[in-house]
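Residues in the sequence shown are numbered from 0 upward in steps of one, following numbering that gives the first Met the number 0. Built from N, CA and C at the ideal position, the CB exists for glycine as well. Single-structure report; data block below.
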Amino acid sequence: MKYEYLGYAGATPFVAAATALMLGFFPSATANALVFYSVIILSFLGGVHWGVALVGSDDGVSNRFTFAILPSLAAWAVFLMPFEAAFVHLAFCFLAFWLVERYLYKISSRYQRLRNILTAIVISALTIAFIAFL
């Protein structure tokens, strides 16, 4: 199976939660689920870099292990925030880690295209959630 399909499947909860919040379905539970899922996915993104560092295919950037743990730590902070602030913080985290991947690490163009699309979907969903939750 192409990993792109799995990536898009992983974006489905973001779209579903943003849609549910726009429609007013169980706002507190949906917002909570979106925050938790965002934290999981940010941790997953860090895990990608941890795995790359472990197999030794580092592209010359010596701090990949440090970068790998940052998404989890940055995401953890949202558990101390109200939903509105959490959505903004998470959107910023997804943008920041996309920028780091894009400009500091050499990744395949195929993976970069997927990350571009998925990051746009995630940031859009978090923005919609922020607006809907106000």
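Asked: Span separating the alpha-carbon of Phe64 from that of Val54; Found: 12 Å
Asked: For Tyr36, the three-state DSSP class (helix, strand or coil); Found: helix
Asked: Supposed close pair Ile120, Ala52 - CB separation, criterion 8 Å; Found: That belief does not hold up - the Cβ atoms of Ile120 and Ala52 are roughly 27 Å apart, past 8 Å.
Asked: Of the listed residues Phe82, Phe93, Tyr102, Leu103, nearest to Ile130 (C-alpha basis); Found: Phe82
Asked: Option nearest Met80 by Cα separation, candidates Ala30, Ser107, Ala17, Ala8; Found: Ala30
Asked: Nonlocal neighbours in the same chain, by C-beta distance under 7 Å from Ala85, ignoring five residues either side; Found: Val34, Val77
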